[in-house]
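The sequence shown runs 1 to 139 under this note's numbering.
Take a look at the structure below.
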Amino acid sequence: MTYKQKTQPNTNSVTEFLNQIESPARRADCQVLLQLFEKTTNAPPVMWGESMIGFGHYHYKYASGHEGDAFLVGFSPRKANISLYFAPGADREALLAKLGKHKSGKACVYINTVADVDLTVIESLIVESMTFLRTTYPD
Numbered sequence: 001m002t003y004k005q006k007t008q009p010n011t012n013s014v015t016e017f018l019n020q021i022e023s024p025a026r027r028a029d030c031q032v033l034l035q036l037f038e039k040t041t042n043a044p045p046v047m048w049g050e051s052m053i054g055f056g057h058y059h060y061k062y063a064s065g066h067e068g069d070a071f072l073v074g075f076s077p078r079k080a081n082i083s084l085y086f087a088p089g090a091d092r093e094a095l096l097a098k099l100g101k102h103k104s105g106k107a108c109v110y111i112n113t114v115a116d117v118d119l120t121v122i123e124s125l126i127v128e129s130m131t132f133l134r135t136t137y138p139d
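Have a look at this one:
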C-alpha cells in the first residue's frame, strides 16, 4: 500500500528559494549548509514541497505495508530556526552531544545559526543518517 505523501520532490529552484530568505544571516547560513550537504552526500539539492531541501532519495516499506519515498538528509530554513533532517542512527545521541547549541526531535535537529554548531559533527550526522537509511531500506 503506497501512501501518497503531501511533501513531494519538485523542480522548483533551490537557489531561488534560498535567495528569497529575508534575513541575510539566515541566507548565508543556508548557503553554508547547502555546500556541506552537497559535498557530503555527493547528491544534488532537490526541493521537497515548498520549503525543504533534500539530498539523495530512498524508498521505505514498513512491516504494516505502508510505503513511500523520502530524501536521505536535508534541511529547511524556518522563521524561528533551521531544521536539519537526519534519521535516528546508532550514534546520533553521541554526535548530538558534541554538536553545540541545538534542540532535537525524533528526526529533526533545530539550530539557530551555523556559528552555534560544529560543522564536522553535522557532516558526521549526514554520513550516519545516509548509512542507516541505505542499510535499513536497501534498493
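All residues carry an ideal CB built from backbone N, CA and C; glycine is no exception.
Beta strand (DSSP E) segment containing residue i, residue limits
i, result
"V73", "V73 to P77"
"V109", "C108 to I111"
Rounded straight-line distance, which links the Cα of residue j to that of residue i
i, j, result
"F128", "G49", "What sits at residue 128 in the sequence shown is Glu, not Phe. Each residue's alpha carbon lies about 24 Å from the other."
"T120", "Y62", "32 Å"
"N112", "K79", "10 Å"
"A43", "E123", "14 Å"
"L84", "H66", "24 Å"
"H59", "P45", "17 Å"
"D139", "I82", "30 Å"
"G89", "T135", "10 Å"
Where the alpha helix (DSSP H) containing residue i begins and where it ends
i, result
"E123", "L119 to T136"
Of the listed residues the options, nearest to residue i (C-alpha basis)
i, options, result
"T131", "I53, K98, C108 and F86", "F86"
"F75", "M52, A115, N10 and G65", "M52"
"V14", "K39, A25, F55 and T41", "F55"
Report task. Please list the segments of the beta strand (DSSP E) lying wholly inside the region 15-96, counting only runs of 3 or more residues, in order along the chain. Result -> 45-48, 52-55, 58-61, 67-70, 73-77 and 82-85
Report task. Please confirm if the region 21-37 is in contact with the region 4-12, defined as three or more CB-CB distances below 8 Å between the two stretches. Result -> no
Requested in this report: Mind the definition here: the region 93-107 touches the region 13-24 only if three or more C-beta pairs lie below 8 Å; say whether that holds.
Outcome: no
Report task. Could you say if the region 88-101 and the region 10-19 meet the contact criterion of at least three C-beta pairs nearer than 8 Å? Result -> no
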